[in-house]
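The UniProt record's numbering numbers the first residue of the sequence shown as 1 and each following residue consecutively. Even glycine gets a Cβ: it sits at the ideal position worked out from N, Cα and C. Please read these numbers as outputs of a predicted model, since none were measured by experiment. Everything below concerns the one structure shown next.
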Amino acid sequence: MTKTIKLTTAQALIKFLNQQYIFVDGEELPFVEGIFHIYGHGNVLGIGEALENDPGHLKSFQGKSEQGMAHAAIAFSKQSLRKKIYAVSTSSGPGSANLLTAAGTAFTNNIPVLFLPADTFATRQPDPVLQQLEQPSSCAITTNDAFKPLSRYWDRVQRPEQLMSALIRAFEVMTNPETAGPATICISQDVEGEAFDYPVEFFNKRIHYVDRKLPNDREIENAISIIKNSKRPVIIVGGGAKYSEAREELLEISERYRIPLVGTYAGKSTVSFDFKYNLGGVGVLGTSAANQVVMDSDLIIGIGTRYSDFTTSSKTIFNFEHCRFLNINISRFQAYKFDADQIVGDAKISLKKVIQDLGEYQTAYTEEELTNKKEEWLLERHRLSNVTFNRQNFTPEIAKHFSQTKLNDYADTLKTELTQSSVFIKVNDLVDDNAIVVAAAGSIPGDMQRLWNASVENTYHLEYGYSTMGYEIAGALGAKLAAPSQESYAFLGDGSFLMLHTELVTALQYGQKINIILLDNSGYGCINNLQMEHGNGSQGTELRNYNDEIMTIDYKKIAEGYGMTSYTVTTMAELEEALLDSKKQKTSTLIDIKVLPKTMSNDCVGSWWHVGVADISKNKAVQLASEKQLAKLLNAKKY
């Protein structure tokens with residue numbers, strides 16, 4: 001007779017989570033680190049009771065916003081290279097709905113996280129309960145149905161015994177590199193507290209083996225033939241290469257055969273920038289060196305990339321008449337992009353097999369050619385590090401959009417003459433080499449992708465799959481939890497700070513030191529650039545009050561109110577002093593850096609982005625922008 005143990009559904013959930021392990025490359029690790037939660041009706045009396053009385057090894061963190069704590073969980077998994085996760089528990093109704101943005105973030109970036117949004121009553125006896133939607137077309141629809149398109153796996157538990165199949169399926173999905181992403185299990189709130197006789201073996205230690213997917217011989221032989229017939233191949237290093245930990249193989253194939261490496265936003269820091277053939281980020285926000293080799297390439301080898309529009313400059317950066325594509329990806333769906341030849345398999349193993357049989361092959365690049373391209377970019381980066389504000393003479397880029405008077409007004413109001421690009425490079429120079437930098441939205445990803453030189457692997461943490469405003473501070477907390485011995489820095493603008501910064505309190509509450517680099521230009525500079533570069537005026541993107549005056553917010557005081565060590569910076573000397581002092585602090589820090597708008601790094605060759613410009617407008621500048629876009633699209637690939 002099967003032995004059983006009587007537990008509530010919530011107690012069974014917690015007991016099961018404690019017994020999940022992952023096995024990767026000979027290393028066995030507990031897969032679930034803990035649970036972020038915000039208690040409310042629907043989870044406090046179920047999951048809350050279970051966590052209070054028998055949490056096992058699970059760490060418990062009280063979040064401050066559902067979206068924020070979920071982003072911390074996502075960043076933890078991302079920084080852990082998807083080998084560990086946090087679960088996230090919310091109340092029903094609006095508590096669940098607040099997770100949706102984070103679910104989209106995890107889904108787009110292929111990051112495993114377990115969402116546990118509370119659901120309405122399975123019995124429907126007290127319906128409609130507090131915070132319950134009533135959809136006239138179906139009593140079965142709840143807020144949590146909105147998670148279906150945002151989850152790699154979705155389930156609703158309305159009986160205690162359903163928990164077993166739901167959890168086993170969810171963990172299969174989350175630990176599979178091809179399907180990794182968010183799993184959502186909605187547990188009806190009455191069922192959370194309902195008892196059931198669970199089979200004892202359901203709670204046995206369960207090891208999820210992550211075996212590297214082997215490519216077949218036909219794919220490898222075809223790839224070797226394609227590479228040998230190319231003269232100017234380029235490797236695009238995507239996030240899949242980072243999660244596969246293919247660093248050594250990338251270094252070997254690049255150095256042995258002189259193949260340049262360029263990086264996507266997820267792939268950057270797989271190989272350090274110091275490596276001689278690493279030419280930096282590619283695409284809309286890419287370096288001149290990376291974009292030039294891609295534009296001249298006859299073979300693109302995409303490793304673990306999904307070819308987002310920012311990576312491909314909206315499919316305009318490639319010479320499609322002469323260029324062929326070879327994709328190495330764990331996902332067959334992704335490997336088919338650009339009608340490429342495919343290797344469907346693990347990046348690390350696939351590269352090893354390719355390297356073995358390339359023989360004496362060499363590209364047509366010379367070391368001098370690649371070195372010169374990189375040096376040209378480094379000279380431009382050096383120039384950007386020394387750009388200073390001049391009240392009389394604008395740079396051409398600024399003069400296109402802002403009048404002299406307007407920028408002087410910003411300088412006077414914000415009491416600063418700092419340029420964003422020079423600040424970025426100074427911070428890069430002064431933080432520890434192994435510091436983790438986290439960013440997500442606004443103009444900052446452009447400066448991160450172009451200007452930030454990561455000298456230690458897996459220290460560059462850019463969420464640019466969904467580019468979620470408000471990810472940054474929560475992400476810095478998640479990264480810190482994953483790498484407690486390293487400093488963690490969130491880079492964000494004032495717009496993102498205002499969007500979501502609640503997990504600052506969580507970091508302070510649990511003694512997790514994070515550092516906030518806040519670039520305040522009193523507005524939404526990235527979108528202001530977008531509208532003005534396409535013929536529109538500046539409208540709705542500057543932070544101005546009812547008198548049309550530039551707003552000045554003292555973020556240093558806000559941080560002090562939370563209990564952080566904080567600084568206001570308006571000069572380069574103050575920036576250096578603040579950065580060095582912040583390293584000595586034991587608590588979280590915030591550096592409020594006032595920077596001038598329009599002083600971020602500029603587009604390089606190959607940087608073009610397809611956006612929705614009005615076909616018809618009274619504004620002649622908009623008409624001209626539309627005509628330019630239509631001309632550019634004539635040469636763009638449609639698939």
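Proximal residues to residue i (C-beta, below 7 Å), its chain only, five neighbours per side dropped
i, result
"Gly535", "Asn619, Ala621, Val622, Leu624 and Ala625"
"Ala614", "Val622 and Ser626"
"Glu472", "Val438, Ala439, Ala440, Ala490, Phe491, Leu492 and Ser496"
"Val505", "Lys64 and Tyr562"
"Ser617", "Gln623"
"Ile224", "Val354, Asp357 and Leu358"
Contact check, residue i vs residue j, beta carbons under 9 Å
i, j, result
"Phe491", "Val438", "yes"
"Asn529", "Lys628", "no"
"Glu192", "Ile47", "yes"
"Ala347", "Glu249", "yes"
"Arg159", "Ala195", "no"
"Ile550", "Leu407", "no"
"Leu370", "Leu251", "no"
"Val293", "Lys231", "no"
"Thr105", "Gly359", "no"
"Asp197", "Ile14", "no"
"Trp154", "Thr287", "no"
"Ser244", "Gly281", "no"
"Phe310", "Tyr257", "no"
"Gly93", "Gln135", "no"
Beta-carbon contacts of residue i that lie in its chain and below 8 Å, excluding the five residues immediately before and after
i, result
"residue 640", "Beyond the ends of the chain as shown, which are 1 and 639, falls residue 640; an answer cannot be given."
"Gln531", "Gly537, Ser538, Gln539 and Thr541"
"Asp447", "Gln420, Ser421, Phe424, Met600 and Ser601"
"Ala103", "Ala70, Phe115, Phe147, Leu150, Ser151, Pro182 and Thr184"
"Leu575", "Leu418, Val423, Lys426, Val427, Val569, Ile591 and Ile593"
"Gly34", "Leu58, Lys59, Ser60, Phe61, Tyr86 and Ala87"
"Lys513", "Lys480, Glu487, Ser488, Ala507, Gln585, Lys586, Thr587, Ser588 and Thr589"
"Ile141", "Leu133 and Gln135"
Coil, strand or helix - residue i by DSSP
i, result
"Ser455", "coil"
"Ala195", "strand"
"Tyr365", "coil"
"His322", "coil"
"Glu28", "strand"
"Ile47", "helix"
"Ser65", "coil"
"Asp54", "coil"
"Ser592", "It should be noted that the sequence gives Asp, not Ser, for residue 592. Residue state, collapsed to three classes: strand."
"Lys348", "helix"
"Thr506", "helix"
"Ser467", "coil"
"Asn521", "coil"
"His534", "coil"
"Asn547", "coil"
"Gly446", "helix"
"Asp357", "coil"
"Arg212", "coil"
"Tyr39", "coil"
"Cys526", "helix"
Among the options, nearest to residue i - alpha-carbon criterion
i, options, result
"Gly612", "Asn204, Glu533, Asp145 and Phe115", "Glu533"
"Ile317", "Val284, Gly302 and Ser188", "Val284"
"Thr9", "Leu163, Gly523 and Ile349", "Leu163"
"Ala441", "Asp433, Asn458, Leu462 and Ala435", "Leu462"
"Phe389", "Leu634, Ala411, Leu590 and Lys373", "Ala411"
"Phe23", "Thr175, Trp154 and Leu358", "Thr175"
"Glu27", "Ser314, Asp211 and Lys228", "Asp211"
"Tyr307", "Lys6, Glu376, Thr108 and Thr101", "Thr108"
"Asp520", "Lys513, Ile444, Asp341 and Ala474", "Ile444"
"Ala416", "Gly470, Lys315 and Ser522", "A quick correction: the sequence has Thr, not Ala, at residue 416. Thr416 has its Cα closest to that of Ser522, out of Gly470, Lys315 and Ser522."
"Leu51", "Glu577, Gln11, Ile74 and Gln125", "Gln11"
"Gln125", "Ser188, Phe338, Asn204 and Arg381", "Ser188"
"Gln20", "His41, Lys205 and Asp339", "Lys205"
Contacts around residue i, its chain only, beta-carbon distance under 6 Å, and the 5 residues preceding and following it disregarded
i, result
"Asn144", "Ser96, Pro117, Asp119 and Cys186"
"Pro215", "Ile343, Gly345 and Ser350"
"Glu178", "Ile330 and Ser331"
"Gly267", "Val237, Gly238, Gly239, Ala241 and Lys242"
"Ser254", "Leu261 and Tyr277"
"Ser137", "none"
Query raised in the report: Is the stretch 424 to 436 close to the stretch 444 to 458, with three or more CB pairs under 8 Å?
Result: Touching, yes.
Query raised in the report: Contact between the stretch 233 to 247 and the stretch 263 to 278: three or more CB pairs below 8 Å?
Result: A contact exists between the stretch 233 to 247 and the stretch 263 to 278.
Query raised in the report: With a cut-off of 8 Å, do at least 3 Cβ pairs link the stretch 66 to 84 to the stretch 472 to 482?
Result: Under the three-pair Cβ rule at 8 Å, the stretch 66 to 84 counts as touching the stretch 472 to 482.
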